[in-house]
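Below: one structure, written as C-alpha cells.
Residue numbers (UniProt numbering), protein chains in the order written: chain H, 1 to 612; chain C, 1 to 612.
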C-alpha cells in the first residue's frame, strides 16, 4: 500500500512539510488547501518539489458545502469548483475531496445531492479529475459513510466515489461492517486518524485532539481491515488535526506518523509495500520479561550508594572500564554512573535495561519502527549491549542477564562487595519506573512503548499536583513483568512553572514494613507524609487500630483495588530521581495513583537534595 | 457580603494559598479537603493561620457519595462523616458541603435521600455543624438545585440546607427563576464560577475550564441577583477548577479573583461589604472614546520614522524632556520612544493612550479593580498623564487630547515638522491594536478590558498559525471607537516554540488604495501576499476582473461580512511590531480574521527586520 499524509498534520510552511514528509519515507501527500494558499510556492513549484521528494500528490482537500443546495447557489459553487480544478491541474492532483455539506443552506434531499454531485463529477472528469465524497460526522444531513454511499451510488458516475475517514466513522460509533458491501473501486480514498476517548462534541474533538493510529483509543486497524477486504488499493493516508503536533517539529512528527503506519500495517497483517529504502517489515515484537537494571547518572556515586545501602542493596561490582557501580538486591539492579556529564540537575535516570528473550531482535524491531539505535560505546571486552533511545531520551537497553545462551552484561563488572553485612534485604525486583515526558511528546512516547516494546497501555489518569494537573498513563506487559508509568503536564508549562520532571524507580519489597524499618534505622531520608493523610485514611478505611498506627509510624501509604492491597513509601528526591518502595498484596494492579497528590505536595514542600 | 474563595482555585501548598487569599483581601475561605490532606499544617495550624490572615473558614468540602444508599452502606458513610466532623472541629469549620451522590450504588429514591441526609444533619448538629447539600450537574439521580431543594425540604432539619453553585446551574441551563421561591435562610452557601462556552461533557468542562465570573460566557450576575432576592446573606464564594490557574502564581490569581468579585458585586448592584482596607466601591466605568496614541519603544527612532513617513505620517513634535517623537496623521498618533531600555527584541508596543472623558476617574476605577497604577515619571511641566498596567504589561494611559477642559499631553511636545511636504495622507485614526497575551494570562486580560475599561468581549476565534493554533478575542466599545484584539497561543508554548508574540497597530485609511500606492512609491516593505491567495479569492468572490487585478497588484487582502467589506495590508515586522492598514467599507464589523492564517504564514516566512 502507498503511504500518505495530509499536510495539515504537521507544523511549518508547506515547503517544510513536504521536506519532512519526503524525509520520513512517505509515498504521497494530501495537499490541504489552506497550506497552499498561505505558501509562496506556486502550484507548479509544489508539484515539482513533491516529485523531487518522491511524493505523489494524492489528494487536494477540502472542497466544502457543495452538494444539495438550492439551484441559485449551484452556479456559484460550480464556478468555485472550476477555479479549484485549474489549481489542481497545475498541482498535478487527480483527486478532489468533497466534504458533506455543513451549511444551513443545504437541503435534506439525497436525490438533489446525487444530481449535483454527478454534475460536479462530469465537470471534474473533463479535467481528468475524480471526486471523493466524504461524510463529515457533523455534516448537516449526511453524517455517515453508509449515507454518503447511497448518494454516490444514486449519482452513478465513474468519476464519483467515496472518501472514508476512520475518525468520522469511529467518532460516531458507526458500525464499519457495511463497508464490506462497498465495491473497492468506489472507495477512492482512505484517511486515518485515532483519538483519545474524550467526552466532548465530535467537531471540537476532531479539530483539536486527533492523533496518529495507535496513540489513541480507537480501533483503526479493524476499520482498515474492513476497507482492505473490499479490494481498496489506494493509499493509507493520515489526516490529523492536533493542537500539539501543530507546534511540534515537523521532521519528528512525520517520523512518528510513519512509525504509526508501519505498526498499523503490521496489525492489519499487510505485507510491506514497494521497495521503500530502509523500510522493511519489522520483526514481531519481542516482549520484554522484566527489568534488568535502572541506571542513574550522578555527579558522584557516594550519596546514592548510601541511599541504596539503607534500602538493603549491596554494591556487587564496578565496571572494568567506566566509573559505573552495580548495586544489587534480589533481582533488582541499580547502576550508578558517575562518568556521565549529563546531569545538570543532579542525579537523573538515564537508562533502563529490559530483559529480552532476543536482544538482537528487539533492536531490529525498534530500528524498523524508526527508533534511534544508539551507538555502542563499549570496550573491546564488554558484552554486547543493544540500546535504543525512547522519545524522552531515556536509553533503553535489551539484556539477557545471567543466561547461559548469551553473554551477560554483568560480566563487564569486576566483582566487588560493599554494603551491609547484615541480613539480606527484602527487595526482590524493580516493580516499575515512572518517567516524566516532555508535554509535547506524550503521544509519541505512548506509541513507542506500545509498538516498539509491545506493552499495553492502561487508562489515562489525571493527578492534581500543587502546581498543575498531571496526566499519567501506565504501559505494561500482560503479566506486569515490565511496567512503565508515563507522566506529563496536562497543559503546557510556562516560564514560571514549577519543574516536576521527576523520574522514579519503584522497587518491589516482599516485606515493606521491614524495608521501611531498615531504611529508618539507617537514618536515611524518607519522604514525610502529613498526619492529615492518616486521619483521612482512617475515615476511608477501617484497617484496625494497630495497622493504622503502623502505617502512620512508618510513613507508609495505602491503597486497595478489587484485587488486593498496595503499600508504598518514597525516598526523598535527589536531583530528578527518587525511589519508591512498594508491596503488592494479592493481585493489586494499580500504582497507588490515589496517593500521588499527597506525594507531589510533600515533594514540592521539601527542598530537593542535590546530593549525588 | 462576605467574599470567599475555595482553596482549589489556586496553585501551591495550602499555606501558600491561605497567604495569597488573605493578601488579596478576602473575608473567608473554603477548605478543599485534598489541600488539607496534602498539607503538613495540622487543622489547628490552618485555623490559626486563617484567623491571623483575617479569614473565616466558611466551608469544608466536599463530602461525597453519602445520600440514598442501601442500608448496609450507611453505617460506613456515617463513620466517615464522624471522622470529618472531628477534623472540622479542629479546623473551626461549621459548614460541610455534601455533593449529590454520583456512585452507581445510589438509589433513585428522594424519601431515602431525605431520611439519610436528615440523619447526617442530626449527627452534624451534635458538633455544632450544618450540612449544605449541593446538586452536582452530573449527580446520579439529583442533578439540579430544584431537585436538591425538594429533598432538603422533605428532610426538614434545621441543620440541613442548600449549597447553590452557579456553574452547575448554568452548565445544565437550568432556569434559575425557581430560586426565588427558596427561603434565603435555607440557602447555606453560594459558590460562583463562570466558564467559556465549550462543546463538551459538563463534568470534563467543569474540571478543566471554569474561570472567574466575567471571564467566561455565563450570566453569573443574573443568578446572584436571584439568590440575593431570597434574603441569602452568606458569602459569595468562588470555586474554580482551571488547568491554567493551577499552574499560575497564586498571589496573582487571588487578586484576579478579587477583581472578578468586585466587578460582579457592581453588576449586581451590591453596596460594598464591610470595611475591608483599601477596597471601596469602584466609580462607574468611564468608557474610552478612542485611541489617543500608540507608543513604540525602539532602540533607535530613525527606521520607524521612515516607515511612518512612507505611510503619510508627519513628525509633529519632540518631547521636551525625553527622546520621544510624536508622529501624526489625522487623529492617528504614534509615539516613538528611543529612550526605553525595554526592547530586547527590537521595537515593541509599550503603551497605548485612550481618550477618556475623565482620566482621573478612569484611573480611580482601575485602581479600585486592583490594576497596578503606574508611577508618574514626568517632568515638572508635563501635563498630568495617568496610566495603569494591563495584565500583559502594556501601559494604558488615559488622555484628553486637545480639549479645552484638560491639559493635553501633546503640550509636552515641542512643535517640530519632519515628513513629506506632499499631499496629506489618507489615514484618519487608529482602528485597533492587537496584543499577544502570555498564554497563561488570557482570562485575566479578558476580565481587565471588560471590567476596568468597560469594553465588550466578542466571540473567540481560532486562527491556525503555521506553528500552532492561536485563540483570538476582540474587545471593543459599542461604537467601535476603541477596539483591542487579544491573541494567545491555544496551548502552551515549549522550548522549541516559534515566537509569535507579535503586536500590531491597525490604522484606518479613508482610501487604502492611495495609502498602498504611497507606501510602495516610498519603497517601503509591505508584507508579500502569495499569488495563491488571490487565486483562491477569485474562486470565493466574483469582484470583477479589475478589482481582483488591483488587489493582487497592491497586495491588499479582502473580506466581507453581512454589513460591508474590508480591505487591508500589512507592513513587515520590526522587532515585535508591525502596522496594518485597514479600510472598512459599509459597516464591516470584523478584523479580517479569515486572512490571518495567510498573514501569519507570510510573517513566519520573512526574516524579521530588527530595524529601529
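All C-beta atoms in this analysis are idealised placements derived from N, C-alpha and C, irrespective of residue type, glycine included.
| query | result |
| --- | --- |
| Could I get the ranges of all uninterrupted beta strand (DSSP E) runs contained in the region 80 to 158 of chain H, with 3 residues as the minimum, in chain order? | 95 to 99 and 130 to 134 |
| Taking C-alpha atoms, which residue in H:61, H:39, H:110 and H:92 lies nearest to residue 70 (chain H)? | H:110 |
| Residues of chain C with CB under 9 Å from residue 94 (chain H), in chain order? | None at all; the shortest Cβ gap to chain C is about 19 Å. |
| Chain C beta carbons: is any one of them nearer than 7 Å to that of residue 657 (chain H)? | The structure shown does not extend to residue 657 (chain H), since chain H is modelled only from 1 to 612, so the question has no answer here. |
| Tell me which same chain residues have a C-beta within less than 8 Å of the C-beta of residue 275 (chain C), skipping the five on either side of it? | Low confidence applies here, because residue 275 (chain C) scores a pLDDT of 41, under 50, leaving its location unreliable and the question unanswered by this model. |
| Along the chain, where does the alpha helix (DSSP H) that runs through residue 395 (chain C) open and close? | No alpha helix (DSSP H) contains residue 395 (chain C), which is instead part of the beta strand (DSSP E) from 395 to 399. |
| Please confirm whether any heavy atom of the ligand FAD lies closer than 6 Å to the CB of residue 118 (chain H). | Looking at this structure, you won't find the ligand FAD or any other ligand, since it has none at all. |
| On a Cα-Cα basis, can you pick out the residue from H:151, H:359, H:147 and H:81 that is closest to residue 123 (chain H)? | H:81 |
| What is the C-beta distance between residue 557 (chain C) and residue 590 (chain C), in whole angstroms, given that I count them as a contact (C-beta under 8 Å)? | About 12 Å separates the two Cβ atoms, so there is no contact after all. |
| Could you tell me the alpha carbon to alpha carbon distance between residue 104 (chain H) and residue 74 (chain H), rounded to whole angstroms? | 15 Å |
| Return yes when the Cβ of residue 388 (chain H) is within less than 7 Å of the Cβ of residue 373 (chain H), no when it is not. | yes |
| Going by beta carbon distance, what residues of the same chain come within less than 8 Å of residue 48 (chain H), once the five residues before and after it are set aside? | none |
| Of all the options C:185, C:445, C:367 and C:356, which has the alpha carbon lying nearest to the alpha carbon of residue 403 (chain C)? | C:356 |
| Here's the rule I'm using: 16 or more other beta-carbon atoms within 10 Å means buried, otherwise exposed. How should residue 261 (chain C) be labelled? | buried |
| Which residues in chain C have a C-beta closer than 7 Å to the C-beta of residue 469 (chain H)? List them in chain order. | 243 and 246 |
| Is it true that the CB of residue 114 (chain C) sits closer than 7 Å to the CB of residue 154 (chain C)? | yes |
| Where does residue 7 (chain C) fall in DSSP's three states? | helix |
| So, with DSSP's three-state summary, where would you put residue 53 (chain C)? | coil |
| In angstroms, rounded to a whole number, what distance separates the CA positions of residue 11 (chain H) and residue 21 (chain H)? | 11 Å |
| Ignore the nearest five residues each way along the sequence and tell me which others in residue 60 (chain H)'s own chain have a CB closer than 6 Å to its CB. | 31, 88, 93 and 96 |
| Once the 5 residues before and after residue 273 (chain H) are set aside, which same chain residues still bring their CB inside 6 Å of it? | Unreliable placement is indicated for residue 273 (chain H), whose pLDDT of 47 sits below 50; the coordinate value is still reported in the next sentence. Excluding residues within five positions, the ones whose Cβ falls inside 6 Å are 1. |
| Taking the straight line between their C-alpha atoms, what separation do you get for residue 140 (chain C) and residue 108 (chain C)? | 8 Å |
| Note down the Cα distance separating residue 406 (chain C) from residue 400 (chain C), rounded to an integer number of angstroms. | 6 Å |
| Just to confirm, are residue 336 (chain H) and residue 298 (chain H) a CB contact at a threshold of 7 Å? | yes |
| Output, in chain order, the set of chain C residues within a Cβ distance shorter than 9 Å of residue 87 (chain H). | 532, 535, 536 and 539 |
| Runs of 4 residues minimum, wholly inside the UniProt domain "VOC" (429 to 572) of chain C: which ones carry the alpha helix (DSSP H) assignment? | 442 to 447, 512 to 521, 531 to 540 and 545 to 554 |
| Spatial neighbours of residue 283 (chain H) within its chain, please: CB distance less than 6 Å, with the 5 preceding and 5 following residues excluded, ordered by chain position. | 361, 364 and 365 |
| Is it buried or exposed, residue 135 (chain C), if we count other Cβ atoms within 10 angstroms and call 16 or more buried? | buried |
| Who are the neighbours of residue 209 (chain C) on chain H, taking C-beta pairs under 9 Å? | None at all; the shortest Cβ gap to chain H is about 11 Å. |
| Starting from residue 241 (chain C), trace the beta strand (DSSP E) in both directions and tell me its first and last residue. | Element bounds for residue 241 (chain C): n/a, residue is neither H nor E. |
| Mind checking residue 183 (chain H): buried by the 16 CB within 10 Å criterion, or exposed? | exposed |
| In chain H, what lies closer than 8 Å to residue 13 (chain C) by C-beta? | 466, 601, 604 and 605 |
| Just the C-alpha distance for residue 149 (chain C) and residue 208 (chain C), rounded to the nearest angstrom, thanks. | 27 Å |
| Ignore the nearest five residues each way along the sequence and tell me which others in residue 330 (chain H)'s own chain have a CB closer than 7 Å to its CB. | 427, 428 and 429 |
| For the region 164 to 247 of chain C, which segments carrying the beta strand (DSSP E) assignment without a break, of at least 3 residues, lie completely within its bounds, in sequence order? | 187 to 192 and 236 to 238 |
| Spell out whether any CB of chain C is found under 7 Å from the CB atom of residue 200 (chain H). | yes |
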